[in-house]
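S.K.: This structure is in structure tokens; I'll ask about it shortly.
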Amino acid sequence: MHLLFRIVAAAFLCLLLSGGLLLYRSDREARQAVQDAVDQISQRLELQLLKLSTGIGNSNPFPDFEFWQPQSAGTCVEFSPAGAGTPRQLCSNVDPFAPAPPWFERLYQVFFTPAVPVARALVYHRHNYGTLTLRPSARWQLAATWAQLRALMELSGVTVLSVCLLVVVSIRRALHPAGVIVAGLRAIQQGDLDQRLPIFRLHEWRNIAQAFNQLTAGQQRLLNERQALAVRLMGLQEEERAGLARELHDEFGQSLAAINALALAISQGAGSRCPDVAADAGRIRTISQHMLANIRDLLRRLRPAELDETGLESSLRSLIAGWRRQRQATTEFHLVIAGDCGGLPEAVSVALFRVTQECLTNVAKHASATRVAVELEVSASDVRLKIEDDGRAVEVPKSSGIGLLGMRERVTPLHGRMNLAIGQPHGLVVDVWLPLTADRGPTS
Ligand SMILES: Nc1ncnc2c1ncn2[C@@H]1O[C@H](COP(=O)(O)OP(=O)(O)OP(=O)(O)O)[C@@H](O)[C@H]1O
Ligand SMILES: [Mg+2]
5 MHLLFRIVAA AFLCLLLSGG LLLYRSDREA RQAVQDAVDQ ISQRLELQLL
55 KLSTGIGNSN PFPDFEFWQP QSAGTCVEFS PAGAGTPRQL CSNVDPFAPA
105 PPWFERLYQV FFTPAVPVAR ALVYHRHNYG TLTLRPSARW QLAATWAQLR
155 ALMELSGVTV LSVCLLVVVS IRRALHPAGV IVAGLRAIQQ GDLDQRLPIF
205 RLHEWRNIAQ AFNQLTAGQQ RLLNERQALA VRLMGLQEEE RAGLARELHD
255 EFGQSLAAIN ALALAISQGA GSRCPDVAAD AGRIRTISQH MLANIRDLLR
305 RLRPAELDET GLESSLRSLI AGWRRQRQAT TEFHLVIAGD CGGLPEAVSV
355 ALFRVTQECL TNVAKHASAT RVAVELEVSA SDVRLKIEDD GRAVEVPKSS
405 GIGLLGMRER VTPLHGRMNL AIGQPHGLVV DVWLPLTADR GPTS
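Anchor point for the sequence shown: position 84 equals 88 in my numbering, and the numbering is continuous, going up by one each time.
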């Protein structure tokens with residue numbers, strides 16, 4: 005629950021409690037007042053009996069209520085003589101308070117019993133003269149309580165509201181930095197490590213802001229180091245692949261070509277004279293041609309020659325053609341290239357090629373797709389690559405292997421973004437965006 009709401013709720017609870025306390029006290033006071041009035045009247049009546057028995061003064065008939073000045077309007081005092089006499093009663097008719105509203109009367113009567121009559125026997129010299137009853141007015145008691153409650157509520161209401169307002173204003177001001185810190189943390193969560201907090205006036209907030217700024221600066225330094233390392237590692241990887249490809253091409257490729265040529269010579273030389281030798285030489289040729297084809301395929305995967313020679317577009321076309329050959333029975337491959345890939349920096353071309361290569365491998369390994377579409381869109385300021393399959397993926401992969409991780413690590417150092425989503429109705433969509441602008445984009 006919001007802190008300010010809690011403060012206001014607590015203030016109103018206090019107000020409610022003080023109202024309840026007032027009702028309780030006024031009920032007790034009203035009961036006590038009736039008791040006191042009965043005590044007082046019975047003392048006066050006993051005095052009257054004393055005067056009557058001694059014959060001093062008091063010519064009025066007993067009981068004489070003239071002395072009684074009721075404090076509460078509507079209150080009646082009644083004397084019922086013991087035996088056959090007529091009861092005497094005196095009521096006050098003054099009504100000094102505005103009546104309480106009906107809802108208050110109902111609510112009050114749920115918790116309290118207003119106007120409980122008090123009766124007392126009037127005994128003088130062991131003789132019971134009758135019963136004295138004081139009947140307070142419920143209407144008067146409710147009206148008086150209501151008037152007190154209203155006065156209290158008006159005063160306390162204004163006080164509580166003003167205090168709440170002051171507390172709310174000062175707490176809002178004091179807690180303002182908390183909002184700024186939360187916004188900063190959210191920005192960091194979105195990957196904005198340039199985020200820094202201002203220096204707050206309050207010491208405690210200032211300490212938090214300094215710790216936050218140090219943390220983000222540290223994180224940014226680490227990230228930069230990690231990105232630099234990733235770029236270096238990928239550069240080394242590409243270099244190593246190119247070296248391996250060279251070795252394979254120059255050593256194995258040349259040797260296999262030589263074996264092939266020798267086998268041809270043997271098979272021609274043996275001719276019809278030694279048909280067995282000619283047949284074996286023919287088999288050696290078949291094996292060496294098969295090995296040559298495999299090495300060529302391996303070379304293409306290690307470092308597509310076209311990437312260096314004819315550029316990204318033809319490398320992608322040849323990659324897709326390779327997959328088409330392998331999986332023509334099960335999967336359709338589509339490639340759409342918009343814009344000119346010729347002028348792309350080498351780092352961007354290599355990243356786009358490797359991402360496409362890994363995505364297509366993933367489709368073959370995990371997707372069971374019937375259709376894969378690769379779209380590349382090159383503009384003057386950025387490049388967008390989208391690889392979409394209709395495979396079995398129904399949720400974005402939670403765990404990442406080396407493949408997805410490597411893709412991200414190729415994209416991030418180039419200040420790009422990679423996003424994974426689920427296509428309609430299923431299948432994985434990999435979306436890569438790379439900037440080409442001079443300030444943030446990569447250079448070749
Ligand atoms: N096109 C896809 N369709 C369905 N699931 C996929 C697809 N691409 C990736 N995944 C899921 O994402 C996971 C991570 O892929 P990632 O390429 O990182 O690792 P991998 O392919 O399992 O192993 P490797 O490290 O060899 O690439 C996969 O294990 C797979 O479950
Ligand atoms: Mg993979």
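Cβ coordinates follow ideal geometry from the N, Cα and C atoms, glycine included.
According to DSSP, simplified to helix, strand and coil, what is P430?
M.R.: Per the sequence presented here, residue 430 reads as His, with Pro not at that position. The answer is coil: DSSP assigns H430 none of H, G, I, E or B.
S.K.: Taking the alpha carbon of L19 as the point to measure from, which residue in F66, E158, L49 has its own alpha carbon closest?
M.R.: E158
S.K.: Looking at D393: is its Cβ nearer than 8 Å to the Cβ of V382?
M.R.: No. Outside cutoff.
S.K.: Which residues mark the beginning and the end of the alpha helix (DSSP H) in which D301 is found?
M.R.: 279–306
S.K.: Where does V171 fall in DSSP's three states?
M.R.: helix
S.K.: For L201 versus G222, is the C-beta spacing smaller than 8 Å?
M.R.: no
S.K.: For A221, verify whether its CB is less than 7 Å away from any heavy atom of ligand 1.
M.R.: no
S.K.: How long is the line joining the alpha carbons of L440 and T290, rounded to whole angstroms?
M.R.: 48 Å
S.K.: Between N366, D280, S403, which lies nearest to I391 when the distance is taken from Cα to Cα?
M.R.: N366
S.K.: Which value, in whole angstroms, describes the spacing of the CA atoms of H430 and V398?
M.R.: Rounded to the nearest whole angstrom, the CA to CA distance from H430 to V398 is 5 Å.
S.K.: Note down the Cα distance separating I185 from L252, rounded to an integer number of angstroms.
M.R.: 57 Å
S.K.: Apart from the five residues just before and just after D435, which ones in its own chain have a Cβ nearer than 6 Å to its Cβ?
M.R.: K390, N423
S.K.: If you scan the region 6–94 from start to end, which runs of the alpha helix (DSSP H) of 4 or more residues do you find wholly inside it?
M.R.: Counting only runs of 4 or more, we get 7–58.
S.K.: Here's the rule I'm using: 16 or more other beta-carbon atoms within 10 Å means buried, otherwise exposed. How should R176 be labelled?
M.R.: exposed
S.K.: Less than 8 Å between the CB atoms is what I'm expecting for A34 and P140, so what's the real figure, rounded?
M.R.: The beta carbons of A34 and P140 sit about 7 Å from each other, so the pair counts as a contact at 8 Å.
S.K.: Quick one: using the 10 Å Cβ neighbour count with 16 as the cut-off for buried, is G273 buried or exposed?
M.R.: Here G273 is exposed: its Cβ has fewer than 16 other Cβ atoms, across all protein chains shown, within 10 Å.
S.K.: Comparing alpha-carbon positions, which option in L248, L56, A261, R124 lies nearest R305?
M.R.: L248
S.K.: Which class does E399 belong to by DSSP, given the choice of helix, strand or coil?
M.R.: coil
S.K.: Look at the alpha carbon of P446 and the alpha carbon of R421, and state the distance between them as a whole number of angstroms.
M.R.: With a pLDDT of 46 at P446, under the threshold of 50, the predicted position of this residue should be treated as unreliable, though the coordinate-derived value follows. C-alpha separation (whole angstroms): 14 Å.
S.K.: When you compare each of T314, A368, E350, I299 to A486 by their alpha carbons, which one comes out closest?
M.R.: Missing from the structure shown is residue 486; the chain here goes from 5 to 448 and no further.
S.K.: Do you know offhand how far A282's Cα is from I263's?
M.R.: 14 Å
S.K.: Drop a sphere of 10 angstroms on the beta-carbon of L51, count the other beta-carbons inside from all chains shown, and report buried for 16 or more, exposed for fewer.
M.R.: exposed
S.K.: Using DSSP with H/G/I as helix, E/B as strand and the rest coil, what is I406?
M.R.: helix
S.K.: Rounding to the nearest angstrom, what Cα-Cα distance links Q361 and L323 in this structure?
M.R.: 7 Å
S.K.: I want to know whether the region 158–167 touches the region 81–92 - three or more CB-CB distances under 8 Å.
M.R.: no
S.K.: Using three-state DSSP, classify T135 as helix, strand or coil.
M.R.: strand
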